[in-house]
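Working notes, beginning with the structure itself.
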Amino acid sequence: MVRHIILWNIREEVSEPGTAKENIKRELEALMGKIDGLLEMEVVTDPLPSCNADIMLKSAFRDAQALADYIIHPEHKRVGQMFVRPVVCNRMCIDYEEEKSEK
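The numbering used here numbers the first residue of the sequence shown as 424 and each following residue consecutively.
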């Protein structure tokens with residue numbers, strides 16, 4: 424399984440940051456079931472005050488190819504263009520292969 428985690432900040436000039444965060448959460452989480460290989464999608468928009476990011480996307484994919492397919496999927500691109508990119512800045516991303524635990 425491949426994990427894909429992104430952190431963003433909302434741009435200071437966004438007049439309604441709460442609405443922007445709600446839109447991002449709704450649209451990204453709605454991708455579940457629409458993209459083959461997307462196993463999990465969680466968007467956190469209410470981090471603790473100690474954090475320096477406003478939004479976190481945590482997702483899981485079947486494998487690296489499924490993540491690559493997600494990146495170029497038209498629905499993912501639509502959400503990014505319409506709801507994410509216009510209101511965020513300071514994007515940080517980490518992708519990693521999750522090791523299977525032996526218990």
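C-beta atoms are modelled at their ideal positions from N, C-alpha and C, and glycine is treated no differently.
Residue span of the beta strand (DSSP E) that contains histidine 427, given as start and end: 425 to 433
Quick one: Cα of tyrosine 493 to Cα of serine 473, how far? 31 Å
Distance check for tyrosine 519 and leucine 461, CA to CA, integer angstroms please. 15 Å
Any alpha helix (DSSP H) of 4 or more consecutive residues that is wholly inside the region 429 to 474: 440 to 452
For glutamate 520, which three-state DSSP category applies? strand
Restricting to Cα atoms, I'd like to know which of Ile428, Ala453, Glu522 and Asn446 is closest to glutamate 505. The amino acid at residue 505 is misidentified as glutamate; the sequence shows methionine. The option with the nearest alpha carbon to methionine 505 is Asn446.
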